[in-house]
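Numbering (this note's numbering), first residue to last: 943 to 1415.
Encoded structure:
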């Protein structure tokens, strides 16, 4: 009943399904995707520095005052009226700041002598149109420097995408290794069960021979020892298989009590000549981790240029041009403004620089240190990847030879076992020879499975560090 329940609830799982399930459920992969979205939002925010800004202001003012003029005496003043302005501001990648403002107000001004009953009132329209331009000449004059925030945000998007690819490769590699390891552990478990079955049959056969007086009783002890060894091997295989099952279940986000039936089978091994140098070139060109390290190095190089430019003094050119109109009637005030009867202008230079410039110098030295660290990171990672590539190529070469050897050994061991059994039955060999042949066959089959497992694991690892893993379709 327990076996029936296990089979009923066992879940069939192909390699394609395992990969798809992992890609859909993996929290690290989802986090990496969210990081890309966050970086893209930050890029949009960084571009906001070049977003033109519209300004507008409307209000009403009221002020009273008292003034004293010699020969006239004291008089009271009252000023009130509405005012408004509209304009636009913009910052260009060249460092140029532009702004224009149109302002209009109508202010009523009353003047009344304190000791006399005399009052004067003026309420003209005051209009003005003003254009301002500010252009850095030293610091802030380079387009690349002014675009640094946008560039940094774009690089953050690229890095986030590379991290997603890196996480994607690691996940597919882990799932592939766990899936094929479980499959090979299942094969080893089947071999252990077969070994126990053969050993049990040998015990039955030899016991019958001893009862008939054809063999000495010590032969029963020999085959019983072989059966116990096979039973112990089966327990070890069961434990290892269960551990491999739980490892795959954890990566898939499934409960540990879930039984799995793997339906995929590994592809036939194509023996090939491995070009170590070519594999290294592919790794150094496509590995996501090295691409991230190189991107950081490039980022550090550009930051040094920015920090060097930031050490320059702040020297800026400012210019403004103003047109004004001041009349009792609004249309007349505008006509006066457009006729440029009341122009105004300003041109000037401004200079600002810290005496010691410690902040910018310190920032520059820090950027140099960051670049040195980035260089070391790239060099260290390249050496590590080269070593990993060579190791996987060695494993692939070795495992392919071991597979051919194990296949040949299995064939020889099967023929030897069949011959030894015939010779034993004919009385020309003893049971110990048959047990040795059974052991040799078991070892050859196990060696074949282990060589195949090593080959598949090395293929996955090589594809991972080359950034070449893709979900099976």
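The beta carbon of each residue, even a glycine, is placed where N, CA and C say it ideally should be.
CA-to-CA distance, residue j to residue i, given in whole angstroms
i            : j            : result
residue 1176 : residue 1130 : 9 Å
residue 1319 : residue 1327 : 12 Å
residue 1377 : residue 1160 : 14 Å
residue 991  : residue 998  : 19 Å
residue 1071 : residue 1003 : 21 Å
residue 1285 : residue 981  : 48 Å
residue 1205 : residue 1127 : 14 Å
residue 1052 : residue 1063 : 4 Å
residue 1275 : residue 1282 : 11 Å
residue 1360 : residue 1216 : 38 Å
residue 1088 : residue 959  : 49 Å
residue 1252 : residue 1038 : 17 Å
residue 1392 : residue 1334 : 16 Å
residue 944  : residue 953  : Residue confidence for residue 944 is low, a pLDDT of 39 falling below 50, so the modelled location carries little weight; the figure read from the coordinates is stated next. C-alpha separation (whole angstroms): 16 Å.
residue 1384 : residue 1225 : 38 Å
residue 1355 : residue 1388 : 12 Å
residue 1148 : residue 1203 : 37 Å
residue 1155 : residue 957  : 55 Å
residue 1280 : residue 996  : 22 Å
residue 1294 : residue 1273 : 44 Å
residue 1278 : residue 1000 : 23 Å
residue 1136 : residue 1341 : 25 Å
residue 1152 : residue 1173 : 23 Å
Cβ shell of residue i (< 7 Å), same chain only, five flanking positions each side left out
i            : result
residue 1090 : 1248
residue 1349 : 1390
residue 1411 : 1111, 1114, 1115, 1405
residue 1374 : 1164
residue 1402 : 1115, 1118, 1119
residue 1193 : 964, 1116, 1117, 1120
Residue from the options with nearest C-alpha to residue i
i            : options                : result
residue 1221 : 1277, 1244, 1336       : 1336
residue 1214 : 968, 976, 1339, 1033   : 1339
residue 1347 : 1274, 1390, 1314, 1105 : 1390
residue 1364 : 1379, 1353, 1352, 1350 : 1379
residue 1255 : 1288, 975, 1292        : 1292
residue 1238 : 1192, 1313, 1274       : 1313
residue 1113 : 1066, 965, 1077        : 965
residue 1033 : 1404, 967, 1007, 994   : 994
residue 1030 : 1040, 1021, 1023, 1024 : 1040
residue 1322 : 1231, 1244, 1251       : 1231
residue 1201 : 1148, 1242, 1124       : 1124
residue 1413 : 1116, 1051, 1035, 1196 : 1116
residue 989  : 1093, 1331, 1277       : 1093
residue 961  : 1362, 1190, 1345, 1250 : 1190
residue 1262 : 1242, 1279, 1290       : 1290
residue 1223 : 1297, 1329, 1172, 1369 : 1329
residue 1345 : 1382, 1315, 1386       : 1386
residue 1331 : 1045, 1408, 1044       : 1408
residue 1367 : 1157, 1021, 1025       : 1157
residue 1325 : 1197, 1229, 1074       : 1229
Residues bridged to residue i (per DSSP)
i            : result
residue 1288 : 1262
residue 1000 : 1026
residue 1042 : 1030, 1073
residue 1078 : 1258
residue 1268 : 1068
residue 966  : Its beta-bridge partners do not exist; DSSP assigns none.
residue 995  : 1031
residue 1048 : 1067
residue 954  : 1203
residue 1005 : 1021
residue 1293 : 1257
Other residues of its chain near residue i: CB distance less than 8 Å, five sequence neighbours each side excluded
i            : result
residue 1169 : 1138, 1141, 1142, 1144, 1145
residue 1271 : 1067
residue 1208 : 1122, 1125, 1394, 1398
residue 987  : 1095
residue 1234 : 1101, 1104, 1105, 1108
residue 950  : With a pLDDT of 43 at residue 950, under the threshold of 50, the modelled position of that residue is not reliable, and the figure given next carries that caveat. Contacts found: none.
residue 1287 : 1261, 1262, 1263, 1264
residue 1023 : 1002, 1003, 1047, 1048, 1049, 1050, 1065
residue 1419 : This structure cannot settle anything about residue 1419, because the visible part of the chain is limited to 943 through 1415.
Contact set for residue i: own chain, Cβ-Cβ below 6 Å, skip 5 residues either direction
i            : result
residue 1068 : 1047, 1268
residue 1195 : 967
residue 1245 : 1309
residue 974  : 1105, 1106, 1109
residue 905  : Limits of the chain in this structure are 943 at one end and 1415 at the other, which puts residue 905 out of reach.
Short CB-CB distance (under 9 Å) between residue i and chain D
i            : result
residue 1391 : The structure shown contains no chain D; it is built from a single protein chain.
Is it the case that the region 1182-1192 contacts the region 1119-1138, given that we only count it when at least three CB pairs across the two stretches are under 8 Å?
Short answer: they touch.
Would you say the region 1290-1308 touches the region 1084-1104, given that touching needs at least three Cβ pairs under 8 Å?
No: fewer than three Cβ pairs fall under 8 Å.
Examine the Cβ distances between the region 967-975 and the region 1079-1089 and report whether three or more of them are shorter than 8 Å.
Short answer: they don't touch.
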